[in-house]
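See below for the structure under consideration.
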Ligand code: S3P
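Okay, structure coming up:
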């Protein structure tokens, strides 16, 4: 899809069950593939990213029934050491697949698999998993730059180890914990700030006794088998995020987000919205897949106040930080995010691209090495921007159009399909207008 124009909207309203959680879907599909039983995963996320993970699991000889588009897949788990990995796996744009799957591949005897991805994924750092898994004895060979394509050799004996991560990362933590399933002894991960714990919750649900002490999470290997229960995947906070921001700026009177995953490692944006003066109400619901879930009701902020996001808050809203920049453009004062240099190695350099987009839309914004500052007060004028192939910026551009004075044309809008193919239709429904225009 080349470009889509988003016109200013006067209000958004309604009830939305956004697509299912991407992080949990990736993990559920992978762990189902190595489970000792057949697992039914209902409401998995249908997207390019999670499609790559399902294809990877199937390519390892695991019988898969149904498709993500059917709203349910049944996976005949091959057992923890029962994958038959192919020589090559294409991860497309999916960093979670490329960083977590090696944690399982290292435990598959006799296999050597090259993981590769698109140009964006080939730029992203993979030494961050190769190094800690290597310390456990695993054999991972990255390119000279520490990037993909890289090869994983399975079946090499592993030993448990204690890892102290310099930067909180759920992907790195998860890769280590998965490798720990095959290692002799205890594997532990210390993080400077806790990151999302979906892997820990699913492993616990699959019967693995998880160790939690001294600010560390860990497990004792080797583990014989996983017994993952059937599960339903809840709605994704990161998918809701762009709509949450639209609601904060335009709700008339409110937007309700149902069955939303409220894992504390994911709810940082809600805290920021409240701090900026947005009426947010949470109606707690039933747990889904061992995750706290509920309905989030968002009204329009009478006036938006600028805020500072501190480094310790970053992991719980890592994928939502660019949207904090957009909120900052609409707030009184200067909004600053620090301690977020990780943004530079996401699907794009999200600090540089955010500042470029906001500047193109008439907003004063500046880069810091580890974050950005946005000067509010003038609002968003409008103009033309490009997603840069990054799904999160496709969504940000759309919402910027809704709150702008003149509308925003988003180039390479098709990138949205990486995580949320139906985004524009859902946004248009909240606007009460046909897709692409409000
Ligand atoms: C993810 C963790 C985060 C996040 C990514 C998904 C996960 O990455 O940005 O979109 O599913 O574990 P990091 O672990 O690199 O922070």
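In our numbering, the protein residues as written are 365 to 802.
Ideal placement from N, C-alpha and C gives every residue a C-beta, glycine not left out.
CB residue i to CB residue j, shorter than 7 Å?
i, j, result
"residue 794", "residue 764", "no"
"residue 382", "residue 612", "no"
"residue 564", "residue 581", "yes"
"residue 547", "residue 500", "yes"
"residue 510", "residue 489", "yes"
"residue 692", "residue 615", "no"
"residue 439", "residue 597", "no"
"residue 539", "residue 445", "no"
"residue 591", "residue 400", "yes"
"residue 641", "residue 608", "no"
"residue 492", "residue 437", "no"
"residue 441", "residue 412", "no"
"residue 806", "residue 456", "Absent from the structure is residue 806, since the part of the chain shown begins at 365 and ends at 802."
"residue 675", "residue 532", "no"
"residue 481", "residue 525", "no"
"residue 783", "residue 386", "yes"
"residue 673", "residue 701", "yes"
"residue 545", "residue 585", "yes"
"residue 687", "residue 637", "no"
"residue 758", "residue 779", "yes"
"residue 418", "residue 393", "yes"
"residue 704", "residue 734", "yes"
"residue 370", "residue 766", "yes"
"residue 633", "residue 681", "yes"
"residue 366", "residue 768", "no"
"residue 594", "residue 404", "yes"
By alpha-carbon positions, which one of the options ends up nearest to residue i?
i, options, result
"residue 747", "406, 775, 589", "775"
"residue 375", "618, 758, 685, 636", "618"
"residue 503", "477, 766, 608, 528", "477"
"residue 468", "420, 491, 489", "420"
"residue 406", "788, 396, 435", "435"
"residue 448", "425, 570, 687", "425"
"residue 665", "643, 680, 378", "643"
"residue 736", "470, 772, 685", "685"
"residue 739", "486, 671, 443, 439", "671"
"residue 518", "473, 699, 788", "473"
"residue 576", "497, 551, 633, 595", "551"
"residue 561", "595, 570, 628, 497", "628"
"residue 573", "541, 404, 744", "541"
"residue 475", "487, 450, 494, 495", "450"
"residue 423", "593, 697, 661, 398", "398"
"residue 454", "790, 414, 743", "414"
"residue 514", "769, 789, 487", "487"
"residue 745", "690, 777, 483", "690"
"residue 732", "707, 743, 742, 756", "707"
"residue 528", "549, 520, 522, 495", "495"
"residue 485", "709, 595, 787", "709"
"residue 390", "559, 569, 460, 600", "460"
"residue 650", "677, 599, 698", "599"
"residue 714", "661, 773, 756, 677", "756"
"residue 639", "660, 647, 543, 699", "699"
The beta strand (DSSP E) with residue i in it runs from where to where?
i, result
"residue 621", "615-625"
"residue 769", "From DSSP, residue 769 is part of no beta strand (DSSP E); its letter is neither H nor E."
"residue 575", "574-577"
"residue 480", "476-480"
"residue 552", "547-554"
"residue 658", "657-663"
"residue 334", "Since the first residue shown for the chain is 365 and the last is 802, residue 334 is missing from the structure and cannot be characterised."
"residue 381", "Note, residue 381: premise wrong, no beta strand (DSSP E); not H, not E."
"residue 564", "Element bounds for residue 564: not the beta strand (DSSP E) but the alpha helix (DSSP H), 562-569."
"residue 709", "Neither: residue 709 is in no beta strand (DSSP E) and is coded neither H nor E."
"residue 534", "Taken as a continuous stretch (DSSP letters only), residue 534 belongs to no beta strand (DSSP E), being part of the alpha helix (DSSP H) at 534-544."
"residue 713", "Unbroken run through residue 713: none, as it is neither H nor E."
"residue 370", "367-370"
"residue 702", "Per DSSP, residue 702 belongs to no beta strand (DSSP E) and is neither H nor E."
"residue 453", "452-454"
"residue 448", "Segment: none, residue 448 is in no beta strand (DSSP E) and carries neither H nor E."
Tell me the residue span of the alpha helix (DSSP H) that contains residue i.
i, result
"residue 413", "412-423"
"residue 406", "Residue 406 -> not in any alpha helix (DSSP H); beta strand (DSSP E) instead, spanning 402-406."
"residue 792", "787-795"
"residue 636", "632-640"
"residue 389", "386-397"
Subject >> Inter-stretch contact at 8 Å, needing at least 3 Cβ pairs: the segment 647-663 / the segment 714-730 >> reply: no
Subject >> At least 3 beta-carbon pairs within less than 8 Å: the segment 619-635 vs the segment 542-556 >> reply: no
**OP:** Please go through the segment 724-754 and give each complete beta strand (DSSP E) segment of 3 or more residues, from N-terminal end onward.
**Re:** 728-732, 735-739, 747-750
Subject >> Three or more C-beta pairs below 8 Å linking the segment 750-757 and the segment 715-722 >> reply: yes
Original post:
Along the chain, which unbroken stretches of the alpha helix (DSSP H) at least 4 residues long are found entirely within the segment 456-524?
Top reply: 459-469, 483-486, 491-499
Subject >> Inter-stretch contact (C-beta, 8 Å, three-pair minimum) for the segment 416-434 and the segment 497-513 >> reply: no
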